[in-house]
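Participant: Structure incoming, see below.
2 protein chains.
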Amino acid sequence: MPKRVNHDERRRQIAGAVWRIAADQGLDAVNMRDVAAEAGVSLRLVQYYFETKHNLLVLALRYLNERSEQRATARIAATPGATSTRAVLREVLMEFLPIDEEHRDTLRVHLAYYVRSLNDPELAAVFLNDETPLEELVAGMLDQAHEAGELVSRVNARHEADLIVSGVNGLGIDLLHGRRQLDDVVAVIDYHLARLFG
Amino acid sequence: MPKRVNHDERRRQIAGAVWRIAADQGLDAVNMRDVAAEAGVSLRLVQYYFETKHNLLVLALRYLNERSEQRATARIAATPGATSTRAVLREVLMEFLPIDEEHRDTLRVHLAYYVRSLNDPELAAVFLNDETPLEELVAGMLDQAHEAGELVSRVNARHEADLIVSGVNGLGIDLLHGRRQLDDVVAVIDYHLARLFG
DNA sequence: TTCTTGATGATACGAACGTATCAGATACGG
DNA sequence: CCGTATCTGATACGTTCGTATCATCAAGAA
Chain A
-15 MPKRVNHDER RRQIAGAVWR IAADQGLDAV NMRDVAAEAG VSLRLVQYYF
35 ETKHNLLVLA LRYLNERSEQ RATARIAATP GATSTRAVLR EVLMEFLPID
85 EEHRDTLRVH LAYYVRSLND PELAAVFLND ETPLEELVAG MLDQAHEAGE
135 LVSRVNARHE ADLIVSGVNG LGIDLLHGRR QLDDVVAVID YHLARLFG
Chain B
-15 MPKRVNHDER RRQIAGAVWR IAADQGLDAV NMRDVAAEAG VSLRLVQYYF
35 ETKHNLLVLA LRYLNERSEQ RATARIAATP GATSTRAVLR EVLMEFLPID
85 EEHRDTLRVH LAYYVRSLND PELAAVFLND ETPLEELVAG MLDQAHEAGE
135 LVSRVNARHE ADLIVSGVNG LGIDLLHGRR QLDDVVAVID YHLARLFG
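Read top to bottom, the protein sequences are chains A and B. Note that our numbering has the first sequence beginning at -15, numbered continuously upward. Note that our numbering has the second sequence beginning at -15, numbered continuously upward.
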């Protein structure tokens, strides 16, 4: 048996190049040649591992989702005062804001994919199937907080979760554009957490 | 003086073709030749009126924003029971959801532009300058409702407006993907209106 | 009619890009 | 060292697209 290589790892390496290019030039600017150059490999190798560009984009999105989830769970695990549902919830919501360059890039790429998926069923499937619905997670946390007596009053957990999750997404998009400042967005989130938790 | 033609109207006619193509094939699929065909004019005429493709896209966005605002003000004017701030606010929020095919198309195109503007300063400028910030409008309505004694309690109008506007945007995006149903989204909005107005 | 603006048609250039092809280099386990 | 898996390089094909060119036609006001 000759040279053995971890194909999956190679694919992730190349997918990383897709993210970097998409993050600062847009998903439209992603082409096979530039991806190869950015990944430090030959064009031929990109073809070798992904066959087609479409395949490359789809898999790059899968890997991106994987990494986002890992980062989120890691953040939750590292939350100080994890006994408080409120503290954990706050961290979860923060994870979806462009709080640093890495999150900002991820959000930009994610959003670009989101729009493209409106006209690409295969990409849409990745969004609809591979992603854990955040609203349900948040709603569960609110229920849990209610039972623990942490909430200020009885609320409709599902509706509250829907608005706050969608709201954080919308606020994140505004941040990308510079339409808002991070401080203000955090203030809005904290205001609504205070409304729920007192 | 020879043949006179309303240039602005011609440009709007061609811009309409851009919207239609972008709405059901994506902004990437917009090219000069297809726009000309869709508008029922020659390729040469599209070049004649817009010079470059970039120009065409920028102006098409301007016209799209104009039309959206007109539609919004028309909707507000036609609101039954316009004496109630709550009723007006509800209509304003609805206007940003894909409630019918026309709104759905507008939202798709708008979103596609939004993402592209992340890598195109000229498009970003259109978003940042030409658009009336909805949050301020909503915050103003909440203040007004408070003074009229319509609100159930004292709230931070600005923070409430920020979340509900961003939330409606986020919910609208989910609707485009089929991740949510319109009924559910309306229920979420009504829940939060009830929370504010009682 | 004449002149100017509005509009068309055919065509072509050059660049970018996805994909394909083929020959060959490199490295590693048996 | 031999064979296989991995990787590269150069190159080419066909298509799409933005843009440019030039000749021409239509129409209406002066």
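For every residue, glycine included, the Cβ atom is placed at its ideal position computed from N, Cα and C.
Under three-state DSSP, which class holds residue 81 of chain B?
Facilitator: Of the three classes helix, strand and coil, the one that applies to residue 81 of chain B here is coil, per DSSP.
Participant: Output the distance between the C-alpha atoms of residue 8 of chain A and residue 182 of chain B, rounded to the nearest integer angstrom.
Facilitator: Cα-Cα distance, rounded: 46 Å.
Participant: Among B:153, B:86, B:139, B:19, which has the Cα closest to the Cα of residue 118 of chain B?
Facilitator: Considering only alpha carbons, the answer is B:153.
Participant: Taking a contact to mean a Cβ-Cβ separation below 7 Å, would you say residue 143 of chain A touches residue 175 of chain B in this structure?
Facilitator: In this structure, residue 175 of chain B lies closer than 7 Å to residue 143 of chain A by Cβ.
Participant: Can you find at least 3 beta carbon pairs, one from the segment -6 to 1 of chain A and one from the segment 16 to 24 of chain A, that sit closer than 8 Å?
Facilitator: Output reads yes: the segment 16 to 24 of chain A touches the segment -6 to 1 of chain A.
Participant: Is any beta-carbon of chain A found at less than 7 Å from that of residue 143 of chain B?
Facilitator: Cβ-Cβ to chain A under 7 Å: yes for residue 143 of chain B.
Participant: For residue 111 of chain A, which residues in chain B fall below 9 Å Cβ to Cβ?
Facilitator: In chain order: 161, 163.
Participant: Can you give me the start and stop residues for the alpha helix (DSSP H) that residue 153 of chain A sits inside?
Facilitator: Looking at the DSSP string, the run of the alpha helix (DSSP H) that includes residue 153 of chain A is 141 to 161.
Participant: Could you tell me which chain B residues have their CB closer than 7 Å to the CB of residue 114 of chain A, listed as they occur along the chain?
Facilitator: Near residue 114 of chain A there are no residues of chain B at all, since even the closest Cβ is about 13 Å away, more than 7 Å.
Participant: Just to make sure I have the definition right: I need the residues of chain B whose C-beta is within less than 7 Å of the C-beta of residue 95 of chain A. Which are they?
Facilitator: 99, listed in chain order.
Participant: Give me the Cα-Cα distance between residue 55 of chain B and residue 70 of chain B, rounded to the nearest whole angstrom.
Facilitator: Those two C-alpha atoms are separated by around 19 Å.
Participant: Quick check: what's the CA-CA separation for residue 135 of chain A versus residue 164 of chain B?
Facilitator: Looking at the two C-alpha atoms, the distance is approximately 27 Å.
Participant: Confirm, please, whether the CB-CB distance from residue 29 of chain A to residue 16 of chain A is below 7 Å.
Facilitator: Contact: no.
Participant: Pick out whichever of B:14, B:145, B:126 has its Cα sitting closest to the Cα of residue 68 of chain B.
Facilitator: Answer by Cα proximity: B:126.
Participant: Within 7 Å (strictly less), CB to CB, does residue 124 of chain A reach chain B?
Facilitator: No, no contact with chain B.
Participant: Sort A:120, A:103, A:52 by Cα distance to residue 5 of chain B and report the nearest one.
Facilitator: It is A:103.
Participant: Is residue 76 of chain B helix, strand or coil by DSSP?
Facilitator: It is helical.
Participant: Can you determine whether any heavy atom of the ligand NAD sits closer than 6 Å to the C-beta of residue 84 of chain B, and answer yes or no?
Facilitator: The ligand NAD is not among the ligands present in this structure, which contains no ligands whatsoever.
Participant: Chain B partners of residue 140 of chain A, CB-CB under 7 Å?
Facilitator: Here the neighbours are 175.
Participant: Listing by chain order, which chain A residues have their CB less than 7 Å from the CB of residue 92 of chain B?
Facilitator: Chain A residues near residue 92 of chain B: 102.
Participant: Would you verify that the beta carbon of residue 49 of chain A is, or is not, closer than 7 Å to some beta carbon of chain B?
Facilitator: No - not a single Cβ of chain B is within 7 Å of the one on residue 49 of chain A.
Participant: Contact check, residue 52 of chain A vs residue 90 of chain A under 8 Å by CB: the rounded distance?
Facilitator: About 6 Å; that satisfies the 8 Å criterion.
Participant: Taking a Cβ distance cut-off of 8 Å, strictly less, list which residues of the segment 47 to 80 of chain A are near chain B, in chain order.
Facilitator: Here the close residues number zero.
Participant: Show which residues of chain B have a CB atom less than 7 Å away from the CB atom of residue 12 of chain A.
Facilitator: Within chain B, the residues near residue 12 of chain A are 12.
Participant: Assign residue 101 of chain B to buried or exposed, taking buried as 16 or more other Cβ atoms, counted over all protein chains shown, within 10 Å of its Cβ.
Facilitator: Residue 101 of chain B is buried by the Cβ-count criterion.
Participant: For my contact list, residue 96 of chain B and residue 156 of chain B are in at a C-beta cut-off of 8 Å; report their separation, rounded to the angstrom.
Facilitator: Their Cβ separation, rounded to whole angstroms, is 14 Å, which puts residue 96 of chain B and residue 156 of chain B out of contact at 8 Å.
Participant: Taking the continuous alpha helix (DSSP H) assigned at residue 0 of chain A, which residues delimit it?
Facilitator: Residue 0 of chain A -> alpha helix (DSSP H) spans -9 to 9.
Participant: Please return the same chain residues whose Cβ sits closer than 6 Å to the Cβ of residue 195 of chain B, not counting the five positions on each side in sequence.
Facilitator: With chain B covering -15 to 182 only, the question about residue 195 of chain B has no answer from this structure.
Participant: At what residues does the alpha helix (DSSP H) containing residue 109 of chain A begin and finish?
Facilitator: Looking at the DSSP string, the run of the alpha helix (DSSP H) that includes residue 109 of chain A is 105 to 114.
Participant: What does the Cβ neighbour count give for residue 50 of chain B, buried or exposed, with the cut at 16 atoms within 10 Å?
Facilitator: Residue 50 of chain B comes out exposed.
Participant: Listing by chain order, which chain A residues have their CB less than 7 Å from the CB of residue 154 of chain B?
Facilitator: The answer, in chain order, is 150, 151, 153, 154.
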